[in-house]
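Shown next, in structure tokens, is the structure this report addresses.
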Amino acid sequence: MRLLLPLLLFAGPLAAQDTQPKLGPNATPITADNAFLRDHPAPDYWAFSPFVKPQFSTSACSIATVTAALNGLTGLAPNAEDEVMTQQVLLDRTGDSTWADLSAEGGDGVTFQQLADFTAQALAADGLADRIVTTYQPADTAAIDDVRTMLAENEATADNALLLYFNQGVVTGDWDGPHISLIGAYDAEADRVLILEVDQEWYIPYWTPVPVLMEAMTKPTGAEHGPLEGETGGLVMIGAPVG
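Count the sequence shown with mature numbering (1 follows the signal peptide of the UniProt record, and there is no 0) and you get residues -16 to -1, 1 to 227, in order.
Rendered as structure tokens:
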């Protein structure tokens, strides 16, 4: 999620030295590096990327990510009259006014625990209650091997989904704040992940090294984000059907 900050007025145009690249050194756009997706099965990328749509407000990254995950898990409906589920439709099905308020323009956004709770509610509302939601919130960057294990499990099949709660600016080099998107692939040999961005007003999917991902998940949210101050991130996994 990206909170809108007041714009500063300048007497003239920005000097060249005031500009910065779209992505910092910790993010590589998919347009510049897609060899892994061509040379490997990458089941998550092909299952989920068609359903990743822009978040409908600057605070709606959670509902955008959950909607993409659920659509990817169920796949394209077979009949012409069946619509692809939208973010608003999923909010309506879930019927949680708190989630709707937090996702509205100017909303505070969700905590890590709320992301897990809302994901479970969405699964139940969409007829996927046989899937278990598990969470992992690393205490520090030393937990990197645990994260790699989860990433490898996720990469092996498209029958689960991995939601990422992280400090977006650690990866993109832009702003400093919490955000949610979907993991689209894990390149274990290069030790990097592909993030399927829902913040599509600003970004497209990009790769980032797993050590950078660890920093992004463990950096506490600053005081400027109000009720999210001190929040750290982690991974929310939607598992395969039970039984």
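All C-beta atoms, glycine included, are put in the ideal place defined by N, C-alpha and C. None of these values were measured; they are calculated from a predicted model.
Exposure of residue i, with buried meaning 16 or more beta-carbon neighbours within 10 Å
{"i": "Ile188", "result": "exposed"}
{"i": "Thr51", "result": "buried"}
{"i": "Thr58", "result": "exposed"}
{"i": "Ala200", "result": "buried"}
{"i": "Ser81", "result": "exposed"}
{"i": "Gln105", "result": "buried"}
{"i": "Asn63", "result": "exposed"}
{"i": "Asp2", "result": "exposed"}
{"i": "Thr15", "result": "exposed"}
{"i": "Ala(-1)", "result": "Below a pLDDT of 50, predicted positions are generally treated as unreliable, and Ala(-1), at 49, falls in that range; the measurement from the model is reported next regardless. Exposed, because fewer than 16 other Cβ atoms sit within 10 Å of the Cβ of Ala(-1)."}
{"i": "Gly90", "result": "exposed"}
{"i": "Gly79", "result": "exposed"}
C-alpha distance - residue i paired with residue j, whole-angstrom precision
{"i": "Ser165", "j": "Val36", "result": "9 Å"}
{"i": "Leu(-13)", "j": "Ala48", "result": "In this predicted model, Leu(-13) has a pLDDT of only 45, less than 50, meaning its place in the structure is not dependable enough to derive any value."}
{"i": "Asn151", "j": "Val117", "result": "22 Å"}
{"i": "Pro9", "j": "Tyr29", "result": "23 Å"}
{"i": "Asp17", "j": "Ala140", "result": "21 Å"}
{"i": "Ala(-6)", "j": "Pro211", "result": "The predicted position of Ala(-6) is uncertain, since its pLDDT is 38 and thus under 50; a value taken from the coordinates is nonetheless stated next. So the two alpha carbons sit approximately 35 Å from each other."}
{"i": "Leu74", "j": "Pro225", "result": "20 Å"}
{"i": "Thr125", "j": "Glu215", "result": "16 Å"}
{"i": "Pro204", "j": "Glu213", "result": "7 Å"}
{"i": "His209", "j": "Asp92", "result": "8 Å"}
{"i": "Leu112", "j": "Asp101", "result": "14 Å"}
{"i": "Leu178", "j": "Glu65", "result": "33 Å"}
{"i": "Ala127", "j": "Arg22", "result": "30 Å"}
{"i": "Asp56", "j": "Glu137", "result": "Per the sequence shown, the amino acid found at residue 56 is Gly instead of Asp. Roughly 17 Å between the two C-alpha positions."}
{"i": "Gly13", "j": "Leu7", "result": "As written in the sequence, residue 13 is Pro, which differs from the Gly given in the question. The straight-line gap from Cα to Cα measures roughly 8 Å."}
{"i": "Tyr190", "j": "Leu180", "result": "7 Å"}
Candidates the options, of which the one nearest residue i by Cα
{"i": "Ala207", "options": "Gly161, Ala100, Asp175", "result": "Gly161"}
{"i": "Tyr149", "options": "Asp171, Glu137, Thr103", "result": "Thr103"}
{"i": "Thr119", "options": "Asp76, Phe96, Ala126", "result": "Phe96"}
{"i": "Pro34", "options": "Met69, Ala136, Ala174", "result": "Met69"}
{"i": "Leu54", "options": "Ile14, Tyr190, Arg77", "result": "Arg77"}
{"i": "Val182", "options": "Thr125, Phe40, Leu219, Thr3", "result": "Phe40"}
{"i": "Met221", "options": "His24, Ile167, Ala127", "result": "Ile167"}
{"i": "Asp110", "options": "Gly90, Ala136, Gln71, Glu137", "result": "Gln71"}
{"i": "Gly83", "options": "Ala136, His24, Asp114, Ser46", "result": "Strictly speaking, residue 83 in this sequence is Trp, with Gly absent from that position. It is Ser46 whose Cα lies nearest to the Cα of Trp83."}
{"i": "Pro38", "options": "Gly56, Gln184, Ala113, Ala136", "result": "Gln184"}
{"i": "residue 243", "options": "Gly217, Pro195, Trp186, Met134", "result": "This structure gives no information on residue 243, because the portion of the chain shown stretches from -16 to 227."}
{"i": "Ala174", "options": "Val154, Pro195, Leu180, His163", "result": "Pro195"}
{"i": "Val154", "options": "Gly217, Gly90, Asp23, Ala136", "result": "Gly217"}
{"i": "Leu147", "options": "Leu99, Pro13, Thr202", "result": "Leu99"}
{"i": "His163", "options": "Thr202, Gly56, Asn138", "result": "Thr202"}
Anticipated Cβ contact below 8 Å, residue i with residue j, distance rounded
{"i": "Ala142", "j": "Ala61", "result": "Wrong, their Cβ atoms sit about 17 Å apart, outside the cutoff."}
{"i": "Thr156", "j": "Arg176", "result": "Between Arg176 and Thr156 the Cβ distance is about 15 Å, and since that is not below 8 Å, they are no contact."}
{"i": "Ser43", "j": "Ala88", "result": "7 Å"}
{"i": "Pro122", "j": "Asp129", "result": "Between Asp129 and Pro122 the Cβ distance is about 10 Å, and since that is not below 8 Å, they are no contact."}
Residue i Cβ short of 6 Å to the ligand ATP heavy atom set
{"i": "Ala16", "result": "Questions concerning the ligand ATP fall outside what the structure shown contains, since it holds no ligand whatsoever."}
Cβ pair residue i, residue j closer than 7 Å
{"i": "Ala26", "j": "Ala145", "result": "no"}
{"i": "Phe20", "j": "Asp158", "result": "no"}
{"i": "Val94", "j": "Leu107", "result": "no"}
{"i": "Gly223", "j": "Arg132", "result": "no"}
{"i": "Leu219", "j": "Met134", "result": "yes"}
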